[in-house]
Amino acid sequence: MIESIQHRRSIRKYLPEPVSPEKLRAVLEAGRLSPSGNNKQPWQFIVIQSAQQRQAVMEVCHNQTWMMTAPAFIIAVADIAARVEVEPGLYLDENSPHLDLKCAIRDTAIAVGSMLLEAYAQGLGTCWVGFFDQAEIRPVLGIPDDKYVLGVIPLGYPAEQPAARPRKAMSEIVRAETW
Ligand SMILES: Cc1cc2nc3c(=O)[nH]c(=O)nc-3n(C[C@H](O)[C@H](O)[C@H](O)COP(=O)(O)O)c2cc1C
């Protein structure tokens, strides 16, 4: 496991080959099996492969044109309806203070982390893309206003092998017994 964690990289250049359905399914399975608070599993995953949908999503991700080299995107959506009853007309976005939204985002982030590692294990590259606004990305995909888009994950066979990006030293992040 530590080998996978050490060698996974964010990939921003992909080969044009489509992702095999078996590998795509394995990645989604890693998300499906992830842990969540109260086992509520408040995640939904939208798989998009058409050039038209990828283009529209890429544009609302502030035109990160490299994304178009990836043959598939997984859109990870946090759904608080898996945790609480949602009142009609609820609108959630980056400024929403709801505790259940934070919990659903936390759980969906765990699922995405697992998916990135399974993709790596399958020989696929990924790059978590979080640079978009809820108000812009939701209409592109027909996502209701009470769902929160956590991330777009372009995936495909890597066409680059970037060097490791730096990480903080253990001594900068680990404390003993108290803060
Ligand atoms: C929540 C999140 C959002 C990110 N959003 C973007 C993004 O919008 N565009 C991008 O190119 N990379 C994005 N990244 C990738 C990070 O830049 C990358 O993980 C970081 O620089 C470390 O590199 P590594 O993943 O290769 O170790 C995002 C990563 C995370 C975890």
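Numbering follows the numbering used here, with no gaps: position 125 of the sequence shown is 183. Just so it is clear, CB atoms sit at the ideal spot from N, CA and C, and this is done for glycine as well. Fair warning: this is a prediction, and the values are worked out from it, not measured in the lab.
Which residues DSSP lists as bridging residue i, in chain order
i, result
"LEU213", "ALA130, THR184"
"SER68", "THR184"
"TRP124", "DSSP lists no partner for TRP124."
"ASP137", "LYS205"
Residue i beta carbon near ligand 1 (any heavy atom closer than 6 Å)
i, result
"CYS185", "yes"
"PHE131", "no"
"GLY95", "no"
"SER68", "yes"
"ARG112", "no"
"ARG223", "yes"
"PHE189", "yes"
Continuous beta strand (DSSP E) stretch holding residue i: start and end
i, result
"VAL105", "101–106"
Option in the options with minimal Cα separation from residue i
i, options, result
"SER172", "GLN219, VAL85, ALA130, GLU75", "VAL85"
"GLY217", "GLN64, GLU75, GLN107, LYS205", "It is worth fixing the name first, because residue 217 is Ala in this sequence and not Gly. When only C-alpha atoms are compared, the closest one is GLU75."
"ILE106", "ILE133, ASN121, PRO100, ARG164", "ILE133"
"ALA167", "GLY147, HIS65, GLN180, GLN99", "GLN99"
"ALA193", "LEU150, ALA222, GLN180", "LEU150"
Chain C contact for residue i (CB, 7 Å cutoff)
i, result
"ARG141", "No chain C is part of this structure, which consists of one protein chain only."
First and last residue of the uninterrupted alpha helix (DSSP H) at residue i
i, result
"ARG241", "Not covered by the structure: residue 241. The range shown for the chain is 59 to 237."
"THR260", "For residue 260 there is no data in the structure shown, the boundaries of the chain being 59 and 237."
"LYS81", "79–90"
"GLN219", "Counting along the chain, GLN219 falls outside any alpha helix (DSSP H), and DSSP gives it neither H nor E."
"SER229", "228–231"
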